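In the UniProt record's numbering, the protein residues as written are 1 to 183.
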């Protein structure tokens, strides 16, 4: 029996994966780092900003991205994403009604590589904030997916809040990427 549902956010609730891809291309281009649609979908889809930018930099430059540069690129991308969100990013058809219906019967949460303000803004704009017990975002974990730390943290939080008993059995996860499924 399902006692809780954990959703990914990007590509599951909000239809913004192509926006993320385009923004990664935009912030990496001035550094001479190419990112094709195929490589993004095959290698980076589902990664958080830190993971995607670090991996793309390493693939192109064969050296780790300097931490200061990484922070700068994340900040630039976040600002660009915020501007796109202001223009309005759509939810997947049926996502809002499914979330509202499920929230009446089981606790819902989000585990995402997105930044917390991005998630909270989209949920608020669509009247879904109250449907979720909590959010585990990029700021809450040391590594993004496929590392399972986000899901482990969500499981611990469900148990701590008395919303789930025992192990991960009975928790359904809705994901859209290989990295997310591996997590």
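Each residue gets a CB set at the ideal place from its N, CA and C atoms; glycine is no exception.
The model shown is predicted, which means the values in this text are computed figures rather than measured ones.
Legend entry - Under the three-state DSSP convention, the category residue 10 falls into: Residue numbering aside, residue 10 sits at position 10 when the chain shown is read from its first letter. Strand.
Inset, instruction - Tell me, please, whether the segment 165-179 touches the segment 76-89 by the rule of three or more beta-carbon pairs shorter than 8 Å. - result: Between the segment 165-179 and the segment 76-89 there are fewer than three inter-stretch CB-CB distances shorter than 8 Å, so the stretches are not counted as touching.
Legend entry - For residue 27, three-class secondary structure by DSSP: As a first step, residue 27 is located in the chain shown; it is residue number 27 there, counting from the start. For residue 27, the secondary structure class from DSSP, reduced to helix, strand or coil, is helix.
Inset, instruction - May I ask you to report which of helix, strand or coil DSSP gives residue 154? - result: By one-based count along the chain shown, residue 154 stands at place 154. Secondary structure of residue 154 (DSSP, three-state): helix.
Inset, instruction - Look up residue 178 in the DSSP assignment and say whether it is helix, strand or coil. - result: Along the chain shown, read from residue 1 onward, the residue named residue 178 stands at position 178. In the three-state DSSP reduction, residue 178 falls in the helix class (H, G or I).
Legend entry - Residue closest to residue 91, alpha-carbon to alpha-carbon, out of 2, 139 and 12: Here residue 91 refers to the residue found at position 91 when the chain shown is read from its first residue. Nearest C-alpha to residue 91: 12.
Legend entry - Per-residue DSSP class, three states only, for residue 173: For the purposes of this step, residue 173 is identified with residue 173 of the chain shown, where counting begins at 1. Looking at residue 173 - three-state DSSP - the assignment turns out to be strand.
Legend entry - Separation of residue 137 from residue 116, as counted between CA atoms: Here the question's residue 116 lines up with position 116 in the chain shown. Here the question's residue 137 lines up with position 137 in the chain shown. Cα atoms of residue 116 and residue 137: separation of roughly 5 Å, rounded to the nearest angstrom.
Inset, instruction - Just the C-alpha distance for residue 97 and residue 59, rounded to the nearest angstrom, thanks. - result: The sequence position of residue 97 within the chain shown is 97, counting from 1. The sequence position of residue 59 within the chain shown is 59, counting from 1. Cα to Cα, the separation comes out at about 41 Å.
Inset, instruction - Report all residues from its chain with a CB closer than 6 Å to the CB of residue 168; omit the five preceding and five following residues, and keep chain order. - result: Translated into positions along the chain shown, residue 168 becomes position 168. Answer for residue 168: 155, listed in chain order.
Legend entry - Residue range of the beta strand (DSSP E) that includes residue 110: Indexing the chain shown from 1 puts residue 110 at position 110. Here the beta strand (DSSP E) through residue 110 covers 108-111.
Legend entry - Nearest candidate by alpha-carbon position, reference residue 14, set 121, 65, 23 and 56: Reading the chain shown from its first residue, position 14 is the one you call residue 14. For residue 14, the closest of 121, 65, 23 and 56 by C-alpha to C-alpha distance is 121.
Legend entry - Where the alpha helix (DSSP H) through residue 2 begins and ends: Taking the chain shown and counting its residues from 1, one reaches residue 2 at position 2. Segment: none, residue 2 is in no alpha helix (DSSP H) and carries neither H nor E.
Inset, instruction - Rounded to whole angstroms, what's the CA-CA distance from residue 144 to residue 18? Just pull it up for me. - result: Here residue 144 is taken as the residue at index 144 of the chain shown, counted from 1. Here residue 18 is taken as the residue at index 18 of the chain shown, counted from 1. For residue 144 and residue 18, the distance between alpha carbons rounds to 19 Å.
Legend entry - Neighbourhood of residue 170 by C-beta distance below 8 Å, restricted to the same chain and skipping five residues each side: Taking the first residue of the chain shown as position 1, residue 170 is located at position 170. For residue 170, same chain residues with a beta-carbon under 8 Å away, outside a window of 5 residues either side, are 1, 2, 3, 4 and 164 in chain order.
Legend entry - 9 Å Cβ cutoff met for residue 131 and residue 100: Residue numbering aside, residue 131 sits at position 131 when the chain shown is read from its first letter. Residue numbering aside, residue 100 sits at position 100 when the chain shown is read from its first letter. Using a Cβ distance threshold of 9 Å, residue 131 and residue 100 count as a contacting pair.
Legend entry - Buried versus exposed call for residue 141 [16 or more other C-beta atoms within 10 Å across all chains shown]: Working through the chain shown from its first residue, we reach residue 141 at position 141. Burial of residue 141 is indicated by the presence of at least 16 other C-beta atoms within 10 angstroms of its C-beta.
Inset, instruction - For residue 111, count neighbouring Cβ atoms within 10 angstroms of its own Cβ and tell me buried if that reaches 16, exposed if not. - result: For the purposes of this step, residue 111 is identified with residue 111 of the chain shown, where counting begins at 1. Answer is buried; the Cβ neighbour count reaches 16.
Inset, instruction - Return the residue from the list 124, 106, 119 and 148 that minimises the CA-CA distance to residue 172. - result: Counting from one through the chain shown, the residue named residue 172 turns up at place 172. Checking every option, the nearest Cα to that of residue 172 belongs to 106.
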